[in-house]
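Chains as they are written, first to last, in the numbering used here: chain C, 1217 to 1618; chain S, 34 to 344. Heads up, the beta-carbon is just placed ideally off N, CA and C, and yes, glycines get one too.
Shown next as structure tokens:
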């Protein structure tokens, strides 16, 4: 076990294409760190650079206090779990797990002991003689994990290990991974594009962004899941983390001191003092535009939530209701054009949307409300906004106003 | 409506909620009337009939040769081999017994093995090594090198025969080593091409997994690449072995003492007679060995060798 440190790590391909820029990461010994981001953000490249499968063209990689830039993968003492499992098809499960140990000339009884222990932990004892082709997807996934575990390496590197499993199994394996990490305590770097996986697995989550737009660095924010959700560092992180996504709107700041309102499309919301405390910089934007963000979960139907202060409600006309059982999503238009910044465009690119479709006179908001109130479109309802949890971003930089 | 009503009757009686797709399929699968049975038989068999005709057509010369080898040499001079179909009494193993009694033949067969086995193993092994390197070890100029190697495929063997001979003579190379080298050199471009392309099709994560597991390139080659390359190695071995086994031209130029079976048979072609009594059984005996190789390696062509490895 060991800590992993990346200092200004970057990757430029021989053809001049840049995949990763200026990644500074300090992964503590025993930590479970998740790298998350849309496709093309370089998260896998970062992982492969740690593994030694990809050359590091800039910066320094330090594992357990030693610079590893030019050390061969086999000498870095890390184990990797691949997205497609990459099991040796001609070897049995036992041989697959023992392969790395045999290569390290480990005594036979020690190999047997380690493989048995790992098989026991992963509940694959009964399949040790089988070939990978005779295993189900979930079992193959376990064997791939087992192959990493028996090595007792300094760190586990996992490249979207659950993405090939079906949805139900993925949830099960997610929990198992957390338990596994609790038991083994091995430093783990985990790559995923799935924000739910990132938030549930990671002790800290690093959000990465493709190198487009104005931002010239890969890493956007590294923080524990709750902090990422509650205090996203910029519009990219704000839009990427959270589902449904945060509602963003260009609003004008009015007032000063503790009496600050944000005004957009005929709606005026009084900002709760607690939000002002978290964003003292907002006072500099008095009379100017900011980008305000409200998470869908920070709305509630006025019939259930009490109006906890003056001017924290908005009256809207609902267009679509999605009932999920435990909650309902209501979608309603707000008569202001949607926010389009380079960060937002990157997010749109990830979901395959075109910004042209957003060039509209109104933006669609989503609110998550209790399923106990029944609403029917096109009903006009009053929604209460928890303005203590509002987010504010500088429209010129996209950074959070602090 | 009778109990034995057709699908159409039943469909009319109870209007289906969905189009009666299953009923339509049932008619196709289980023919009811003799006419339907005949139509189905015809449509299925017609393909097979055509295939059998094509196969027979292709096999005709071989069958002819086989029957000729089983007839007395004098009969060959007088009548065609198809006579044997109406007069099977003329068939005899005489040609084979006299041929097998020839000690020169045994020598020739052994010599052919001496030539063909190293001439097969050398290029196959070298091509496997080169194929792995060209597919999976990054180095400068790799793709250019591969292109040049593929370009060598167009060099005709006949063109290089005499220059190679004089080069070999300069170095005092002749006989078996000369044959091995020449066959290896001319086998390699195709062999490397095949191996490289096969290896390049293996999942990269498998090789990366082995690298992280601690395997050296040599170990990766031996423990991962070679076992997975069996289908390609097997087909390559069959190609190269058949080619070197049946070679006449190269042996003619380079062989000294050792006479392969092709040369042996050629020598039995009389100047004034056809020598058919030796040639026809000799050709058949000679063809047995490549056939054995083919059937021995055929089982490695199994599909799905990579099953369960990735996703």
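Neighbour flag for residue 61/S against chain C, beta carbons, 8 Å:
Because the pLDDT at residue 61/S is just 47, under 50, the model does not fix this residue reliably, and the point stays unresolved.
Anticipated Cβ contact below 8 Å, residue 1658/C with residue 1289/C, distance rounded:
Given that chain C is displayed from residue 1217 to residue 1618, the structure contains no residue 1658/C and the question cannot be resolved.
In whole angstroms, what separates the C-alpha of residue 1257/C from that of residue 176/S?
Note on geometry: alpha-carbon atoms of residue 1257/C and residue 176/S lie some 29 Å from one another.
Under 8 Å between C-beta atoms of residue 1434/C and residue 1250/C:
Result no, Cβ atoms of residue 1434/C and residue 1250/C do not sit closer than 8 Å.
Against residue 1358/C, what residues of chain S qualify as contacts under a CB-to-CB distance less than 9 Å, listed in chain order?
Ordered by position in chain S, no residue passes the 9 Å Cβ test against residue 1358/C, which lies about 13 Å from the chain.
Could you tell me the alpha carbon to alpha carbon distance between residue 322/S and residue 1351/C, rounded to whole angstroms?
40 Å
With 8 Å as the threshold, decide whether the Cβ of residue 247/S is near any Cβ in chain C.
yes
State the start and end residues of the unbroken beta strand (DSSP E) segment that holds residue 1171/C.
Chain C is shown only over 1217 to 1618; residue 1171/C falls outside these bounds and no answer can be derived.
So with CB distances below 9 Å, who are the chain C contacts of residue 241/S?
1264, 1267, 1269, 1289, 1296, 1298 and 1302
Nearest by alpha-carbon distance to residue 1305/C: which of 68/S, 257/S, 196/S and 136/S is it?
257/S
Please state whether DSSP places residue 264/S in a helix, a strand or coil.
helix
Any idea what DSSP makes of residue 1432/C, helix, strand or coil?
coil
Under 8 Å between the Cβ atoms of residue 1234/C and residue 1427/C?
yes
Smallest Cα separation from residue 1595/C: which of 1291/C, 1535/C and 1559/C?
1535/C
Does residue 1305/C come within less than 8 Å of chain S when only Cβ atoms are used?
yes
Separation of residue 286/S from residue 1375/C, as counted between CA atoms:
58 Å
Three-state secondary structure (DSSP) at residue 1553/C?
Looking at residue 1553/C - three-state DSSP - the assignment turns out to be coil, as it is neither helix nor strand.
Span of the beta strand (DSSP E) around residue 1517/C:
Taken as a continuous stretch (DSSP letters only), the beta strand (DSSP E) holding residue 1517/C covers 1515-1517.
So is residue 207/S in contact with chain C if we call contact Cβ pairs under 8 Å?
no
Answer with buried or exposed for residue 1413/C, where buried requires no fewer than 16 other C-beta atoms within 10 angstroms of its C-beta.
buried
Taking only the alpha-carbon atoms, compute the straight-line gap between residue 56/S and residue 74/S and give it to the nearest angstrom.
Because residue 56/S sits at a pLDDT of 42, beneath the cut-off of 50, its placement in the model cannot be relied upon, and the point is left open.
On a Cα-Cα basis, can you pick out the residue from 1467/C, 1581/C, 1404/C and 1533/C that is closest to residue 1593/C?
Residue 1533/C is the option with its Cα nearest to residue 1593/C.
Can you determine whether any heavy atom of the ligand GTP sits closer than 7 Å to the C-beta of residue 1553/C, and answer yes or no?
With respect to small molecules bound, the structure shown includes none, and the ligand GTP cannot be examined in it.
Could you check whether the Cβ of residue 173/S sits closer than 8 Å to any Cβ belonging to chain C?
Answer no: the Cβ-Cβ gap between residue 173/S and chain C never drops below 8 Å.
Identity of the residue in 1486/C, 1514/C, 1343/C and 1567/C nearest residue 1546/C by Cα
1514/C
Under 8 Å between C-beta atoms, does residue 1319/C make it to chain S?
Yes - at least one Cβ of chain S is within 8 Å of the one on residue 1319/C.
For residue 228/S, the first and last residue of its enclosing alpha helix (DSSP H)
208-233
Using 8 Å as the threshold, is the C-beta distance between residue 222/S and residue 186/S below it?
yes
In the DSSP assignment, find the alpha helix (DSSP H) that holds residue 144/S and state where it starts and stops.
136-169
Helix or strand or just coil, what does DSSP make of residue 1579/C?
strand
Answer with buried or exposed for residue 1603/C, where buried requires no fewer than 16 other C-beta atoms within 10 angstroms of its C-beta.
The Cβ neighbour count for residue 1603/C, taken over all protein chains shown within 10 Å, is at least 16; the residue is labelled buried.
Look up residue 1368/C in the DSSP assignment and give the residues it is bridged to.
In DSSP, residue 1368/C forms no bridge with anything.
Quick check on DSSP: helix, strand or coil for residue 172/S?
coil
So with CB distances below 7 Å, who are the chain S contacts of residue 1315/C?
Those within 7 Å of residue 1315/C in chain S are 246.
Chain C partners of residue 238/S, CB-CB under 7 Å?
Here the neighbours are 1298, 1300 and 1302.
Of all the options 1539/C, 1277/C and 1324/C, which has the alpha carbon lying nearest to the alpha carbon of residue 1243/C?
The shortest Cα separation from residue 1243/C among 1539/C, 1277/C and 1324/C belongs to 1277/C.
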